[in-house]
Amino acid sequence: LSPPSPVYDCIVVGAGIQGSCAAYHLAKNQRKTLLLEQFVLPHSRGSSHGQTRIIRKAYKEDFYAHMMEESYELWAQLEKEAGVQLCRQTGLLLMGPETGKDYQLMKDAMQRNKLPLVILNPEEFSQHIPNVNLTGGDGALVDTTAGVLYADRALSAVQRLFQVLGGVIKDGQKVTDIKPGPVVTVTTAAAVYQAKSLVITVGTWASKVLSPIGLNLPLQVLKINVCYWKEKVAGSYSVNRRFPCFIQLESQEASHDIYGLPSNEYPGLMKVCYHTGSETDPDDRDGQTDRSDVEILKRYVSRCFPGLVPVPAVVESCMYTVTPDLHFVLDYHPAHRNIVIGAGFSGHGFKFAPVVGKVLYELTMGQVPSHDLSPFRIGRFQPHAGSAQ
Ligand SMILES: Cc1cc2nc3c(=O)[nH]c(=O)nc-3n(C[C@H](O)[C@H](O)[C@H](O)COP(=O)(O)OP(=O)(O)OC[C@H]3O[C@@H](n4cnc5c(N)ncnc54)[C@H](O)[C@@H]3O)c2cc1C
Ligand SMILES: O=C(O)[C@@H]1CCCC=N1
Numbered sequence: 001l002s003p004p005s006p007v008y009d010c011i012v013v014g015a016g017i018q019g020s021c022a023a024y025h026l027a028k029n030q031r032k033t034l035l036l037e038q039f040v041l042p043h044s045r046g047s048s049h050g051q052t053r054i055i056r057k058a059y060k061e062d063f064y065a066h067m068m069e070e071s072y073e074l075w076a077q078l079e080k081e082a083g084v085q086l087c088r089q090t091g092l093l094l095m096g097p098e099t100g101k102d103y104q105l106m107k108d109a110m111q112r113n114k115l116p117l118v119i120l121n122p123e124e125f126s127q128h129i130p131n132v133n134l135t136g137g138d139g140a141l142v143d144t145t146a147g148v149l150y151a152d153r154a155l156s157a158v159q160r161l162f163q164v165l166g167g168v169i170k171d172g173q174k175v176t177d178i179k180p181g182p183v184v185t186v187t188t189a190a191a192v193y194q195a196k197s198l199v200i201t202v203g204t205w206a207s208k209v210l211s212p213i214g215l216n217l218p219l220q221v222l223k224i225n226v227c228y229w230k231e232k233v234a235g236s237y238s239v240n241r242r243f244p245c246f247i248q249l250e251s252q253e254a255s256h257d258i259y260g261l262p263s264n265e266y267p268g269l270m271k272v273c274y275h276t277g278s279e280t281d282p283d284d285r286d287g288q289t290d291r292s293d294v295e296i297l298k299r300y301v302s303r304c305f306p307g308l309v310p311v312p313a314v315v316e317s318c319m320y321t322v323t324p325d326l327h328f329v330l331d332y333h334p335a336h337r338n339i340v341i342g343a344g345f346s347g348h349g350f351k352f353a354p355v356v357g358k359v360l361y362e363l364t365m366g367q368v369p370s371h372d373l374s375p376f377r378i379g380r381f382q383p384h385a386g387s388a389q
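In terms of the UniProt record's numbering, the sequence shown is numbered consecutively and its last residue is 389.
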C-alpha cells in the first residue's frame, strides 16, 4: 500500500511558463507546492516552447508598462539565481502608419511613461537600418529596453529553481478531475492529490479544464505558424549585430500585426510571424493546416525585408489562447476563492511571466495583489461574477 499523499499548500496545474513561475513564487514563500503537467517535460505542444520571445516595455496600456517595470527586475533576479542569461537587449523597432491609432497610442504611452525611446525619421531610418524598407507614411521608433528572452532556457531554469526550493514536479500526469472544496481534490490517471488551494494555468486547454468546474470563459485557441526566413547574406539580420526585434502595425498586407526577432537560434534564419492564426483544438493542433498567414508574410517580407528569401525555410507550430479584449485572465474562480486562474495570455504573456507568477501567488494567499488586476477580471465577461480586488 503506498502512503497517503500529503495535503499540499497548493497544487499548480500546467507547467508552462505561467504555472512554473507561480509554482516558483509559492515555493520561494515556503508553500508546499506540487506542479502537475500532462506531458513529459520538456514538450512542444503548448505555448511556452521554442527558443525566443520578445521582451519589451512598449505597450499602449499603462498597466502593462507598469507590470513590465517589475517583470524586468524579476527576470534579472531569476538570471542571477539560475546563473544563466535569459534576456538579451537588442531594442524593438516599432513601425506603423504615423497617423494610425495604434502607432500614436504606443508612442504616447511610451512618452507618458518616460520610457527610453528613439524616434527615427526616414533618413535616420535608412542610415541605421538599411536592410529594412520603411513604408511611406510609416513612423518608426525604437524601445531601447527591449530584446530577446530565451524562452526554453527560462522555462527550464524556473522549473529547476522551483525544485531547488523544495517544490515537486510530476509530469506525464494529466489532470482529469477537480473537486472544489476547502481542500481541493485533483485526480490524474496516476494518483489523487489534495491541496488547500489550486492554481490553474493550463494555456490553450483552459476551456477544457475550467468548464467541468462551472466556468466558461470566451477563449479562442489559435494555431500560429512560426516562420523562419533565410538571410540572403548570412548574419545580416543577426542578434550578434544587434539587429532589433520588430513589430509592424497596420501593414498594407495584413489586418493584424507582423513581428520578428533577429536571427539567433537557427543561424542565418530570422523569425517573422503573423500575430494571429486559425482556430484549432489544442489536442488536434497539427490537424489545422491553414497557411493563409504565410502568404501574407511572404508579401510583407518581399516588400520590407529585401535581404530575406521571401519563402519560409522553417515553419514550426505554437498556440495562442485569445480573449476578446486581448487582456489576460488573472482572478479567483467566481465560486471558489481557493481556486486561482491564469489564462488567456493572448500571444503576449511570456515577458510578464515572473510578475504573473507573483500575482497568482498573492491571490492564492488572499493577499492584496501588487498590481491592479481590474483589467484581468473574469467579471468583465460575466458582469455578475465576483472577482479579485
Ligand atoms: C508563436 C508565439 C509567439 C509568441 N511570442 C511572444 C513574445 O514575443 N513575447 C511574449 O511575451 N509572449 C509571446 N507569446 C506568448 C507566450 O508564449 C504565452 O503567453 C505563454 O507561453 C503562455 O504560457 P502558459 O503557461 O499560459 O501556457 P502553456 O505554455 O501552454 O502551458 C500550459 C501547460 O498546461 C499543461 N496542461 C494543460 N492541460 C492540462 C491538464 N489537464 N493537466 C495537466 N497539465 C495540463 C499543458 O500541457 C502546458 O504545458 C508567443 C506565443 C506564441 C505561440
Ligand atoms: O508580445 C510580443 O511582444 C510579441 C510581439 C507582438 C505580437 C505578439 N507577441
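Each residue gets a CB set at the ideal place from its N, CA and C atoms; glycine is no exception.
None of the values given here were measured: they were computed from a predicted structure.
Nearest-angstrom Cα distance between D62 and E70?
If you take the alpha carbons of D62 and E70, they lie about 13 Å apart.
From which residue to which residue does the beta strand (DSSP E) around P312 run?
Counting along the chain, the beta strand (DSSP E) containing P312 begins and ends at L308 to V322.
What are the complete beta strand (DSSP E) segments, minimum 3 residues, inside the segment 321-353?
329-333 and 336-343
Candidates R377, S5, L360 and K351: which alpha carbon is nearest Y64's?
K351
Measure the alpha-carbon distance for I247 versus L93 and round it to whole angstroms.
6 Å
Give a single yes or no on whether H275 has its beta carbon closer than 7 Å to a heavy atom of ligand 2.
Checking every heavy atom of ligand 2 against the Cβ of H275, one is found closer than 7 Å.
Beta strand (DSSP E) containing S197: first to last residue?
V192 to I200
V97, enclosing alpha helix (DSSP H) - first and last residue:
Reading off the sequence, residue 97 comes out as Pro, not Val. Looking at the DSSP string, P97 is not in any alpha helix (DSSP H); the run it does join, the beta strand (DSSP E), is L92 to P97.
If I measure Cβ to Cβ from I119 and keep anything under 6 Å in the same chain, skipping five residues before and after, which residues do I get?
L141
For Y143, which residues in the same chain have their Cβ closer than 8 Å to its Cβ, ignoring the five residues on either side in sequence?
According to the sequence shown, residue 143 is Asp rather than Tyr. If we look at D143 and ignore the five residues flanking it on each side, its Cβ neighbours are R56, K57, A58, G91, L92, L94, M110, L115, P116 and L117.
Checking the sheet assignment: what are the DSSP bridge partners for Q248?
Per DSSP, M95 and I258.
Give the DSSP-derived three-state secondary structure of D177 in the structure shown.
strand
Span of the beta strand (DSSP E) holding M270?
L269 to Y274
Looking at the secondary structure, which residues open and close the alpha helix (DSSP H) in which Y150 lies?
From DSSP, Y150 is part of no alpha helix (DSSP H) but of the beta strand (DSSP E) over G147 to Y150.
Could you tell me whether any non-hydrogen atom of ligand 2 is closer than 7 Å to the CB of K223?
no
Simplified DSSP state of A378, which is helix, strand or coil:
Here the sequence assigns Ile to residue 378, which means Ala is not the residue at that position. Note: I378 maps to helix in three-state DSSP.
So, for residue 420: in the same chain, excluding its five sequence neighbours on each side, which residues have a beta-carbon less than 6 Å away from its beta-carbon?
Not covered by the structure: residue 420. The range shown for the chain is 1 to 389.
Spatial distance of Q389 from G260 (CA atoms)
Confidence in Q389 is poor, its pLDDT being 48 and thus under 50, which makes the residue's placement unreliable; the coordinate value appears in the next sentence. When rounded, the distance between both Cα atoms is 36 Å.
Confirm the yes/no value for this check: CB of H348, any heavy atom of ligand 2, distance under 7 Å.
yes
Does the distance from the CB of A195 to the CB of C10 come in under 8 Å?
yes
What first and last residue would you give for the alpha helix (DSSP H) that runs through D281?
D281 -> no alpha helix (DSSP H), and no H or E assigned at all.
Measure the alpha-carbon distance for S20 versus G137 and round it to whole angstroms.
43 Å
Give a single yes or no on whether Y361 has its beta carbon closer than 7 Å to a heavy atom of ligand 1.
no
Which of helix, strand or coil DSSP assigns to E265:
coil
Residue from R88, V359, K230 and D171 whose Cα sits closest to the Cα of K298:
K230
May I have the straight-line CA-CA distance separating L41 from A27, to the nearest angstrom?
Approximately 19 Å between the Cα atoms of the pair.
Measuring alpha carbon to alpha carbon, tell me which of R377, A343, H333 and K358 ends up nearest I178.
H333
Assigned secondary structure, G137 (DSSP; H/G/I helix, E/B strand, else coil)
In this structure, G137 counts as coil in the three-state DSSP scheme.
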